[in-house]
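J.: Heads up: the sequence lines are chains D and H, in that order. Using the numbering used here, the first residue of the first sequence is number 2, and each one after it goes up by one. Using the numbering used here, the first residue of the second sequence is number 23, and each one after it goes up by one. We treat Cβ as the ideally placed atom computed from N, Cα and C, and that holds for glycine. I am attaching a structure below and will ask some questions about it afterwards.
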Amino acid sequence: MTHLAIAPQFDDAAQQHESAALGMWAFLATEVLFFGGLLTVYTVYRMAHPAAFAEASSHLYTWIGAVNTVVLLLSSWTMALAVHAGAHGERARIIRMLAATMALGLAFLLLKAVEYYLDFHDHLVPGRAFRPDWSTNAPAAQMFFILYFILTGMHAAHMLVGVLVVACFVAVIRTTPSPARHANALELVGLYWHFVDIVWIFLFPLLYLVA
Amino acid sequence: MTTLDAIILPAPSYLTAHWSLRSWLLTLDHKRIAMLYLTSITAFFFVGGAAAVLMRLELATPASDFVVSGAYNRLFTIHGAVMVWFFLIPSIPTVLGNFLIPLMIGARDLAFPRLNLMSWYVFMAGGALATGSIIVGGVDTGWTFYTPYSTTYANSAVFPMVAGIFVAGFASIMTGLNFIVTIHTMRAPGLTWFRLPLFVWAMYATSLVLVLATPVLAITLVLIAVERFWGVGVFDPALGGDPLLFQHLFWFYSHPAVYIMILPAMGVVSELVACFSRNPIFGYRFVAYASMAIAILGFLVWGHHMFVAGQSVHASMVFSFLSFLVAIPSGVKVFNWIVTLRNGTIHYKTSMVYALGFIGLFTLGGLTGLFLATLPVDVHVHDTYFVIAHFHYIMVGGAVMAYLGGMHFWWPKIAGRMYNEGWGIFSAILMFFGFNLTFFPQFILGYLGMIRRAAEYPPEFQLLNVLSSAGASILGVAYLIPLVYLTRSLVRPATAEANPWNATGLEWTVSSPPPEHNFDSTPVVTTPPYSYDAEKTAELEAVSP
Chain D
2 MTHLAIAPQF DDAAQQHESA ALGMWAFLAT EVLFFGGLLT VYTVYRMAHP
52 AAFAEASSHL YTWIGAVNTV VLLLSSWTMA LAVHAGAHGE RARIIRMLAA
102 TMALGLAFLL LKAVEYYLDF HDHLVPGRAF RPDWSTNAPA AQMFFILYFI
152 LTGMHAAHML VGVLVVACFV AVIRTTPSPA RHANALELVG LYWHFVDIVW
202 IFLFPLLYLV A
Chain H
23 MTTLDAIILP APSYLTAHWS LRSWLLTLDH KRIAMLYLTS ITAFFFVGGA
73 AAVLMRLELA TPASDFVVSG AYNRLFTIHG AVMVWFFLIP SIPTVLGNFL
123 IPLMIGARDL AFPRLNLMSW YVFMAGGALA TGSIIVGGVD TGWTFYTPYS
173 TTYANSAVFP MVAGIFVAGF ASIMTGLNFI VTIHTMRAPG LTWFRLPLFV
223 WAMYATSLVL VLATPVLAIT LVLIAVERFW GVGVFDPALG GDPLLFQHLF
273 WFYSHPAVYI MILPAMGVVS ELVACFSRNP IFGYRFVAYA SMAIAILGFL
323 VWGHHMFVAG QSVHASMVFS FLSFLVAIPS GVKVFNWIVT LRNGTIHYKT
373 SMVYALGFIG LFTLGGLTGL FLATLPVDVH VHDTYFVIAH FHYIMVGGAV
423 MAYLGGMHFW WPKIAGRMYN EGWGIFSAIL MFFGFNLTFF PQFILGYLGM
473 IRRAAEYPPE FQLLNVLSSA GASILGVAYL IPLVYLTRSL VRPATAEANP
523 WNATGLEWTV SSPPPEHNFD STPVVTTPPY SYDAEKTAEL EAVSP
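Below, the structure is given as structure tokens:
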């Protein structure tokens, strides 16, 4: 018995796996449209206010963004190793790699929280506390920070979901009689994780490097 | 063996297998989830309809006397938002689609039954939040939430309402995703793509739009919520924002959403026309491809809502041209239905009367759509009752007629009961006349310059408005009649045969109502769809009352 129990609506494991994989890809397509809509808004406003966006961008903590990019790339690597170990049913290695992925994900969120804290101190949070003494076009600078917070906030929410899913998965792998049964599910968790990483790969240059 | 067979009672149907409330609220059966949706969207339909009744009462006189302007604004917001998001978009997919897709493709259920049940809860949560906030908080932005009014000026519960629609959007995504996966992976052996019923093709095209368009609405609503909640200007021109960008994002979802409403209706009509003209659908592949073409083109025409909003003339010209292109696949469908009828033997059952009504009303709605896609004509009739009449011909004359036609066609399968054909045909014809009396005068009113979304109008428009209000009262009665006789049929014993219309399709091979697990053994398909022939025609004659 190397396969997960087959749900009653499916004929066999192959059909179940195919359905699950297609479902995940369709879900990721909705995510592309979700972030795509937001990036369209960003692009339109950046084209309307190029100088103000570049100026506002220069006030972000680029080093934190860069470190976080490296952290996420590493997490994608450990996730890929976890998926690889999953295909071979190596319990200890799956748990090690997922734990590393989770730690890197939490490190990303921690760094992001520190960055938000510093942004708050610099009066970069839109609203009443927003005080861009440096800006010649305060409304456009505020627009940049609105989009910065929404984009990175949505991304962080996805990271948080990813970390929680990985945590649940570790619990399952620790107790399951056969880790190989969960290889397909692990592959789907991996797809989600890589997708969230790719979103960041777009966000980092668009938000931090436009200056 | 024969004695053993005799003592085994027939398997209980999905309706009678369990009786507790819990067995309904926690069901994973696609057929029961379809029934949960049926009761919910029927309730939403009458909420939205009640708002329309009050609007037509107000418009019976030129002055704003029955309700004041502010209340009128709230009424059209309730009517639009409830009808679009909580009736039309879910209607055919979540009721007929949920019920029929697994049966039509020979599967035991959808690919993700738990996701399916969750979609209903998410839908109800979103519906409660949205309708609750309109009724309690009095939202008056119209269903389109145009900025900067919705973000800066409206003193009403825009935020919770936007949140409700955001939540309900996820139900749409879950349903669409479930259908896409199910149709890809769970077809019975031998059921190739080109043996699928056209209803399934239409649901597949619809699901693609649901999955790809709804996330853009979600992010647009998030931006509105951010602007209202934080008081920062995402779309406020005074703060460097662009209200037109909102319109682009909104219509990038909401124009494809129109095809979410009409594509399933076209799928239903293809089934009805083939069955009741006892004739394989003419040009099957073209009808299937036309669904896909409409789904794809639907993503490229949103700018035709913004011809007078200040977008560039060149953009308008491109959007105008692309909008004309939608007429081609729509025309293909209409012509193919007509040729199917022309070559067939027509049986005027209730569902067929609805289908014929659909073809006429949809054609009129589609042709007036071409008027609106024409730049100079649109400048003249923009924001008038001409637009109202156009989309009601598509949405009510088209989508609602097809939905009711489909409900009558599959009611024996769903409920296991027949209904009175006389009442059925009477209410279908009454609906057709009531509809035309309500909405045809609105074409004229719009052309003469009566603007939409106003509680008052110049006295010279009163005659046509009284006609329209009179038509609306007939329409209202015509909607109540099926509600009464279909509900009443439930108290009678379940005596419907497995296939009362002698129709083709796997859903008619199982008993009415179907057993919980749908099929005793996985069916194997060896024939093309719609293999209607002379022999079956004779059988239908025999069962006709």
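Once you ignore the five residues that flank L363/H on each side, which residues in its own chain have a CB closer than 6 Å to its CB?
T.: Here residue 363/H refers to the residue found at position 341 of the second sequence. S299, listed in sequence order.
J.: Assuming Y507/H contacts P84/H (C-beta within less than 8 Å), just tell me the rounded distance between them.
T.: Mapped onto the second sequence, residue 507/H falls at position 485. Mapped onto the second sequence, residue 84/H falls at position 62. Not really, about 38 Å apart at Cβ, beyond 8 Å.
J.: Looking at L81/H and the ligand ADP, is the gap between the Cβ and the nearest heavy atom below 7 Å?
T.: For the structure depicted, the ligand ADP is absent and the ligand set is empty, with no information on it obtainable.
J.: Report, in whole angstroms, the separation of the C-beta atoms of A240/H and F188/H, which I expect to be a contact under 8 Å.
T.: Along the second sequence, one-based indexing puts residue 240/H at 218. Along the second sequence, one-based indexing puts residue 188/H at 166. Their Cβ separation, rounded to whole angstroms, is 6 Å, which keeps A240/H and F188/H in contact under 8 Å.
J.: Would you tell me roughly how many angstroms separate the C-alpha atoms of F109/H and I202/D, rounded to the nearest one?
T.: As a working mapping, residue 109/H is identified with position 87 in the second sequence. As a working mapping, residue 202/D is identified with position 201 in the first sequence. Roughly 40 Å separates the two Cα atoms.
J.: Under DSSP, the alpha helix (DSSP H) around L48/H begins and ends at which residues?
T.: Numbered from its first residue, the second sequence carries residue 48/H at position 26. From DSSP, L48/H is part of no alpha helix (DSSP H); its letter is neither H nor E.
J.: Using the Cα positions of P127/D and G66/D, report the straight-line distance between them to the nearest angstrom.
T.: Taking the first sequence and counting its residues from 1, one reaches residue 127/D at position 126. Taking the first sequence and counting its residues from 1, one reaches residue 66/D at position 65. Rounded to the nearest angstrom, the two C-alpha atoms are 20 Å apart.
J.: Just reading off the alpha helix (DSSP H) that P135/H is part of, what are its end residues?
T.: Translated into the one-based positions of the second sequence, residue 135/H becomes position 113. Unbroken alpha helix (DSSP H) run through P135/H: P135 to G159.
J.: Out of F408/H, G456/H, V354/H and L122/H, state which residue places its alpha-carbon closest to the alpha-carbon of R475/H.
T.: Translated into positions along the second sequence, residue 475/H becomes position 453. Minimum Cα distance to R475/H is reached at F408/H.
J.: Look at the alpha carbon of H159/D and the alpha carbon of S141/H, and state the distance between them as a whole number of angstroms.
T.: Here residue 159/D is taken as the residue at index 158 of the first sequence, counted from 1. Here residue 141/H is taken as the residue at index 119 of the second sequence, counted from 1. If you take the alpha carbons of H159/D and S141/H, they lie about 20 Å apart.
J.: Does D264/H come within less than 8 Å of chain D when only Cβ atoms are used?
T.: If you number the second sequence from 1, residue 264/H lands on position 242. With 8 Å as the cut-off, D264/H counts as an interface residue toward chain D.
J.: Please identify, using Cβ separations under 9 Å, the residues of the stretch 29 to 45 of chain D that lie next to chain H, in order along the chain.
T.: The stretch 29 to 45 of chain D vs chain H, Cβ under 9 Å: A30, T31, E32, V33, L34, F35, F36, G37, G38, L39, T41, V42 and V45.
J.: Closest to F205/D by C-alpha separation, out of A53/D, A172/D and L74/D, would be which residue?
T.: For the purposes of this step, residue 205/D is identified with residue 204 of the first sequence, where counting begins at 1. Of A53/D, A172/D and L74/D, the residue nearest in Cα terms is L74/D.
J.: Exposed or buried, which one is W135/D when buried takes at least 16 other CB atoms within 10 Å?
T.: For the purposes of this step, residue 135/D is identified with residue 134 of the first sequence, where counting begins at 1. Classification of W135/D: exposed, given that the 10 Å Cβ count is below 16.
J.: May I ask which residues mark the beginning and end of the alpha helix (DSSP H) holding L37/H?
T.: As a first step, residue 37/H must be located in the second sequence, where it is residue number 15. L37/H -> no alpha helix (DSSP H), and no H or E assigned at all.
J.: Can you give me the Cβ contacts of A377/H inside the same chain, cut-off strictly under 6 Å, excluding the 5 residues immediately before and after it?
T.: Here residue 377/H refers to the residue found at position 355 of the second sequence. Excluding residues within five positions, the ones whose Cβ falls inside 6 Å are V291, L294, V295 and G427.
J.: For R54/H, does the count of other Cβ atoms within 10 angstroms reach 16, so buried, or fall short, so exposed?
T.: As a working note, residue 54/H is residue 32 in the second sequence. It counts as buried.
J.: Report the partner residues of P124/H according to the DSSP bridge assignment.
T.: Position 102 of the second sequence, counting from 1, holds the residue named residue 124/H. Answer is none; P124/H lacks a bridge partner.
J.: Which first and last residues belong to the alpha helix (DSSP H) in which S194/H is found?
T.: What you label residue 194/H is simply residue 172 of the second sequence in a count that begins at 1. Looking at the DSSP string, the run of the alpha helix (DSSP H) that includes S194/H is V180 to T207.
J.: Could you check which residue in H156/D, G90/D and V45/D has the C-alpha nearest to that of V33/D?
T.: As a position in the first sequence, residue 33/D is number 32, starting the count at 1. Selected option, being the one with the closest Cα: H156/D.
J.: Quick check: is the beta carbon of L271/H nearer than 8 Å to any beta carbon in chain D?
T.: If you number the second sequence from 1, residue 271/H lands on position 249. It does: the Cβ of L271/H has a partner Cβ on chain D nearer than 8 Å.
J.: Kindly indicate which three-state DSSP category T406/H falls into: helix, strand or coil?
T.: Translated into the one-based positions of the second sequence, residue 406/H becomes position 384. Three-state result, T406/H: strand.
J.: Nearest-angstrom Cα distance between F308/H and A81/D?
T.: Reading the second sequence from its first residue, position 286 is the one you call residue 308/H. Reading the first sequence from its first residue, position 80 is the one you call residue 81/D. The alpha-carbon atoms of F308/H and A81/D are separated by roughly 44 Å.
J.: Near S172/H, which residues of its chain fall below 7 Å by C-beta distance, leaving aside the five closest residues on each side in sequence?
T.: Translated into positions along the second sequence, residue 172/H becomes position 150. Excluding sequence neighbours, S172/H sits near T163, V180 and I246.
J.: Whether or not the stretch 143 to 151 of chain H and the stretch 208 to 223 of chain H are in contact is what I'm after, with contact meaning three or more pairs of Cβ atoms, one per stretch, closer than 8 Å; do they touch?
T.: In short, these stretches do not touch, since the Cβ pair count stays below three.
J.: Please identify the residue among L285/H, Y415/H and F393/H whose C-alpha is closest to the C-alpha of F221/H.
T.: Position 199 of the second sequence, counted from the first residue, corresponds to residue 221/H. Checking every option, the nearest Cα to that of F221/H belongs to L285/H.
J.: By Cβ distance below 8 Å, which residues in the same chain neighbour V171/D in space, the five residues on each side in sequence not counted?
T.: Within the first sequence, the letter at position 170 stands for residue 171/D. Once the five neighbours on either side are set aside, the close Cβ partners of V171/D are I96, L99, A100 and M103.
J.: G253/H versus chain D: which residues are under 7 Å apart at the beta carbon?
T.: Against the second sequence, residue 253/H aligns to sequence position 231. Residues of chain D passing the Cβ test: G128.
J.: Take V547/H as the anchor and find which of P515/H, A492/H, M126/H and L48/H has the nearest alpha-carbon.
T.: On the second sequence, position 525 is the one that residue 547/H refers to. Closest by alpha carbon: M126/H.
J.: Considering only their Cβ atoms, is the gap separating E443/H from K371/H smaller than 8 Å?
T.: Within the second sequence, numbered from 1, the residue matching residue 371/H stands at position 349. Within the second sequence, numbered from 1, the residue matching residue 443/H stands at position 421. Going by C-beta atoms, K371/H is nearer than 8 Å to E443/H.
J.: Considering only the beta carbon of each residue, do A1/H and S491/H sit closer than 8 Å?
T.: The requested residue 1/H does not occur in the structure, where chain H is confined to residues 23 to 567.
J.: Under 8 Å Cβ-Cβ, which residues of chain D neighbour H129/H?
T.: Walking along the second sequence from the start, residue 129/H turns up at place 107. Reading the sequence as shown, one finds Ala at residue 129/H and not His. Here the neighbours are Q10.
J.: Classify Y175/H as buried or exposed, calling it buried when 16 or more other Cβ atoms lie within 10 Å of its own Cβ.
T.: Counting from one through the second sequence, the residue named residue 175/H turns up at place 153. Exposed, because fewer than 16 other Cβ atoms sit within 10 Å of the Cβ of Y175/H.
J.: Quick one, which residues of the stretch 117 to 150 of chain D are near chain H if we go by CB-CB under 7 Å, in chain order?
T.: If the cut-off is 7 Å between Cβ atoms, the stretch 117 to 150 of chain D has P127, G128, P140, A141, Q143, M144 and I147 near chain H.
J.: So the candidates are P545/H, P504/H and G366/H; which of them puts its Cα closest to the Cα of Y552/H?
T.: Position 530 of the second sequence holds residue 552/H. Among P545/H, P504/H and G366/H, the Cα nearest to that of Y552/H belongs to G366/H.
J.: DSSP three-state label for I151/D, please.
T.: Position 150 of the first sequence, counted from the first residue, corresponds to residue 151/D. In this structure, I151/D counts as helix in the three-state DSSP scheme.
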